[in-house]
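Written out below as structure tokens is the structure these notes cover.
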Amino acid sequence: SSPVLLKNGKAFSSDATPRDSGRVDEPFKVEEAEPVKAAPPPPSPDKLLVLGGSGFVGSHVCKEALERGFVVSSLNRSGKPSISESWADKVIWNQGNLLEPASLEDSMDGVSAVVSCVGGFGSNSQMFKINGTANINAIRVAAEKGIKRFVYVSAADFGLVNYLLQGYYEGKRAAEAELLSKFTYGGVILRPGFIHGTRRVGNVNIPLGLVGSPMQMVLQNAKPLTRLPLVGPMLTPPVSATSVAKVAVRAATDPVFPPGIVDVYGIMRYSEQK
Numbered sequence: 001s002s003p004v005l006l007k008n009g010k011a012f013s014s015d016a017t018p019r020d021s022g023r024v025d026e027p028f029k030v031e032e033a034e035p036v037k038a039a040p041p042p043p044s045p046d047k048l049l050v051l052g053g054s055g056f057v058g059s060h061v062c063k064e065a066l067e068r069g070f071v072v073s074s075l076n077r078s079g080k081p082s083i084s085e086s087w088a089d090k091v092i093w094n095q096g097n098l099l100e101p102a103s104l105e106d107s108m109d110g111v112s113a114v115v116s117c118v119g120g121f122g123s124n125s126q127m128f129k130i131n132g133t134a135n136i137n138a139i140r141v142a143a144e145k146g147i148k149r150f151v152y153v154s155a156a157d158f159g160l161v162n163y164l165l166q167g168y169y170e171g172k173r174a175a176e177a178e179l180l181s182k183f184t185y186g187g188v189i190l191r192p193g194f195i196h197g198t199r200r201v202g203n204v205n206i207p208l209g210l211v212g213s214p215m216q217m218v219l220q221n222a223k224p225l226t227r228l229p230l231v232g233p234m235l236t237p238p239v240s241a242t243s244v245a246k247v248a249v250r251a252a253t254d255p256v257f258p259p260g261i262v263d264v265y266g267i268m269r270y271s272e273q274k
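If you're matching positions, the sequence shown starts at 1 in the UniProt record's numbering and goes up one per residue.
Right under this line is the structure:
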């Protein structure tokens, strides 16, 4: 240590510090942390793809989902259909063909769930293709895309009618089997009977409820009779398109909705729950 000469002539070593010098240490300074940029939020889990969205049941599903605040997209061969109702303007319409699986891939990007209302009549081969092959293609693409939930609006058994519409029911059941295989924990099959409600054809609203509603009131308590062969299946109570749509949207968006088959009585029960 080298001595330091003070003004009063006294010297002391430079490494010596008087105990009572009165020096106060400066407070410890804490550096401010830089703000951390939060990761961008994941895509909305509430985007639904409704297949057959321009049809009778599909249009009710679209309206129900929109009313509940979900983002809704649909698929049509020509893109946006010529529907003059206001709800159709709120739907994101994609162009694609269910019989061409490659055309479905883009429409399923960012989708959390799919609701298929696709079905139709014709010859046995046509009915199997519409009700079976088209839905099977959609189920497979959805599974490959990692979509978690898939709801399929199928149909109840009607005994003798199943034989008369063989291609229709064989197609439906083939699609059901594919869904249960690919979506073990997120696949829901709705099996309504006759569906009533208001259906728009051109500029005319056809009130199918005039037929369906009274039948529902009479038959909804006749469940024991449905066990009778041939006659029983014909007594399956009808349900409204609104009820089917309500349950379909709930099944697609509620992660605790149980997977599997929901018959007409289950549809009525779930539709009454808030």
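From the three backbone atoms N, C-alpha and C, an ideal C-beta is built for every residue, glycine too. No experiment lies behind these values; they were computed from the predicted model shown.
>> List, from N- to C-terminal side, the beta strand (DSSP E) runs of 3 residues or more that fit wholly inside the UniProt domain "NAD(P)-binding" (52-198).
In response: 71-76, 92-95, 113-116, 149-153 and 187-190
> With burial defined as no fewer than 16 other Cβ atoms inside 10 Å of the residue's Cβ, what is the status of H196: buried or exposed?
Replying inline: buried
> Below 7 Å between beta carbons: does that hold for G58 and V71?
Replying inline: no
> For the putative contact between V262 and V188, defined by C-beta atoms under 8 Å, what is the C-beta separation to the nearest angstrom?
Replying inline: 7 Å
> Got a sec? Which residues, its chain only, sit under 7 Å from N124 by beta carbon, not counting five neighbours each side?
Replying inline: Q166 and G167
> Counting pairs of Cβ atoms below 8 Å between the stretch 54-68 and the stretch 79-91, do you hit three or more?
Replying inline: yes
> Where does V218 sit, in a helix, a strand or coil, going by DSSP?
Replying inline: For V218, the predicted model reports a pLDDT of 49, less than 50, meaning its position is unreliable; a value from the coordinates is still stated below. In this structure, V218 counts as helix in the three-state DSSP scheme.
> Between A252 and the rest of its own chain, which residues show a CB-CB distance below 7 Å, the 5 nearest in sequence each way excluded?
Replying inline: L48, A113, V115, R149 and V151
>> Rounded to whole angstroms, what is the Cα-Cα separation between L75 and T236?
In response: 31 Å
>> Which same chain residues end up closer than 7 Å to V141 when comparing Cβ atoms and leaving out the 5 residues on each side of it in sequence?
In response: P101, L104, E105 and M108
>> By the DSSP assignment, the beta strand (DSSP E) with V262 in it spans what residues?
In response: G260 to V262
> According to the Cβ coordinates, are A156 and G193 closer than 7 Å?
Replying inline: yes
> Which of helix, strand or coil does DSSP assign to V247?
Replying inline: helix
>> Beta-carbon within less than 6 Å of Y270's beta-carbon, same chain only, minus the 5 sequence neighbours each way: which residues are those?
In response: V247
> Does DSSP classify L228 as helix, strand or coil?
Replying inline: Note on L228: pLDDT 45, under 50, position unreliable in the model; no value is reported.
>> Would A177 and G132 qualify as a contact pair, given that the criterion is a beta-carbon distance under 7 Å?
In response: no
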